[in-house]
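Engineer: At position 69 of the sequence shown the residue is numbered 69 (full-length UniProt numbering), and the sequence of numbers has no breaks.
Let me begin by handing over the structure; questions about it come next.
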Amino acid sequence: MPKYPGLERFILIEKMGDGAFSNVYKARDTQTGAEVAIKVVRKFEMSSNQQPKGVERANILKEVQIMRQLDHPNVVKLIDFSESRQYYYIVLELCPGGELFHQIVRLTYFSEDLSRHVIVQVAKALLYLHEDKGVVHRDIKPENLLFYPITFIPTKNPKPRAPEDEDKADEGEYIQGVGSGGIGQIKIADFGLSKVVWESSTMTPCGTVGYTAPEIVKDERYSKSVDMWALGCVLYTLLCGFPPFYDESIQVLTEKVARGQYTFLSPWWDEISKSAQDLVSHLLTVDPEKRYTIQQFLNHPWIRESDEETHAAA
Ligand code: ADP
Ligand code: MG
1 MPKYPGLERF ILIEKMGDGA FSNVYKARDT QTGAEVAIKV VRKFEMSSNQ QPKGVERANI
61 LKEVQIMRQL DHPNVVKLID FSESRQYYYI VLELCPGGEL FHQIVRLTYF SEDLSRHVIV
121 QVAKALLYLH EDKGVVHRDI KPENLLFYPI TFIPTKNPKP RAPEDEDKAD EGEYIQGVGS
181 GGIGQIKIAD FGLSKVVWES STMTPCGTVG YTAPEIVKDE RYSKSVDMWA LGCVLYTLLC
241 GFPPFYDESI QVLTEKVARG QYTFLSPWWD EISKSAQDLV SHLLTVDPEK RYTIQQFLNH
301 PWIRESDEET HAAA
């Protein structure tokens, strides 16, 4: 493990992710004994060929500033922020399961119940971000959705069942954070591209209330609707295992997205309910004025079908 100046309080355990300018490590906090995640971000400097080599201060400070204001069970918590000459260190609540992305790869696709279990949690985080905090995330995707694994521990020895009870669930409980059996709590991570569209102190649109121009009000709505589009892409991907828009050529892909050109491809979508397809199509709507808001999403029958928290194990 590399050594970083100023991070002596932590013991780095393993690398959990890497990006162009950042490495994320699992680490132990020697003061509290707790396991955390540390995002180490290289500072901005110009390399010899004039390509920027790191992240600018303003961007990191914005990411940290936004995360500081957030406190929700489905949003990764910021624990600490510090820096050295070359790096920024963002200490975060550890999500031991890692990326949802890898679970989609592992399982090929999710059942409708498991997809609902996941997407409802993402939506609850978006409801909090959009409605309570005026924050738009702008980078919702399976790589930025992390989770806690759960494992089902039977409390009784499974007994042979009467035929009428055959598909009754085993008695037991789901233990959070142990093993790699299923998907428990989902957390949104990576606020690197996020933005506040409301003044956070007054919770009003930026500018004086009553004097706000319609394009600002619209702008705010539009920026929230980008998260709803992304939510639709995630839900589509969970249900069938591949994304709604794909092409080898970036140009063709861009055209497809611009036109909202996707299909519920047979045979993969044949067994998926019409209700789920209806919900996806209300999110993957090109016109942002007609696209579902977070409230409309949460009121859709497919979401309300099973209101009780299902601990859908994978
Ligand atoms: P980037 O801006 O480089 O995408 P992210 O914040 O998305 O940075 O972190 C990159 C990756 O590191 C994530 O996709 C995930 O795999 C891992 N990671 C980030 N934060 C955590 C965390 N709190 N717990 C576990 N893994 C994390
Ligand atoms: Mg990311």
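Here a beta-carbon is modelled for each residue, glycine too, at the ideal position from N, C-alpha and C.
Predicted, not measured: the structure shown is a model, and the values here were computed from it.
What separation, rounded to the nearest whole angstrom, lies between the Cα atoms of P243 and G33?
Structural biologist: Cα-Cα distance, rounded: 40 Å.
Engineer: Would you identify the three-state DSSP class for G210, choosing helix, strand or coil?
Structural biologist: coil
Engineer: Tell me the rounded alpha-carbon separation between L100 and G210.
Structural biologist: 42 Å
Engineer: T310 by DSSP, collapsed to three states: which one?
Structural biologist: Confidence is the limiting factor: at T310 the pLDDT is only 46, short of 50, which leaves the residue's position unreliable, though a coordinate-based value still follows. If DSSP states are grouped into helix, strand and coil, T310 belongs with coil.
Engineer: Is the CB-CB distance between L238 and Y109 below 9 Å?
Structural biologist: Yes, the Cβ-Cβ distance between L238 and Y109 is below 9 Å.
Engineer: Run the Cβ filter for me: residues under 6 Å from any heavy atom of the ligand ADP, listed in the order they occur in the chain.
Structural biologist: M16, G17, G19, S22, V24, A37, K39, V76, L92, E93, L94, C95, G98, E99, E143, N144, L146, A189, D190 and G192
Engineer: When burial is assigned at 16 or more other CB atoms within 10 Å of the CB, is R259 buried or exposed?
Structural biologist: exposed
Engineer: For the region 31-65, which segments carrying the beta strand (DSSP E) assignment without a break, of at least 3 residues, lie completely within its bounds, in sequence order?
Structural biologist: You should have 35-42.
Engineer: For a quick check, are the C-beta atoms of V135 and I186 less than 9 Å apart?
Structural biologist: no
Engineer: Roughly how many whole angstroms lie between the Cα atoms of L298 and A123?
Structural biologist: 7 Å
Engineer: In the DSSP assignment, find the beta strand (DSSP E) that holds K26 and state where it starts and stops.
Structural biologist: S22 to D29
Engineer: Nearest to G19 by CA position, among H282, A27 and N144, is which residue?
Structural biologist: Shortest Cα-Cα distance from G19 to any of H282, A27 and N144 involves N144.
Engineer: Below 6 Å CB to CB, which residues in the same chain sit around F81 once its five sequence neighbours on both sides are set aside?
Structural biologist: V64 and I90
Engineer: Under the criterion of a Cβ to heavy atom distance below 8 Å, does D139 qualify as lining the ligand MG?
Structural biologist: yes
Engineer: Ignore the nearest five residues each way along the sequence and tell me which others in S275's own chain have a CB closer than 6 Å to its CB.
Structural biologist: P301 and W302
Engineer: Please classify G184 as buried or exposed, where buried requires at least 16 other C-beta atoms within 10 Å of its C-beta.
Structural biologist: buried
Engineer: Alpha carbon to alpha carbon, how far is P214 from H102? Give it in angstroms, no decimals.
Structural biologist: 42 Å
Engineer: Find out if the Cβ-Cβ distance for the pair A125, H72 is shorter than 9 Å.
Structural biologist: Result yes, Cβ atoms of A125 and H72 sit closer than 9 Å.
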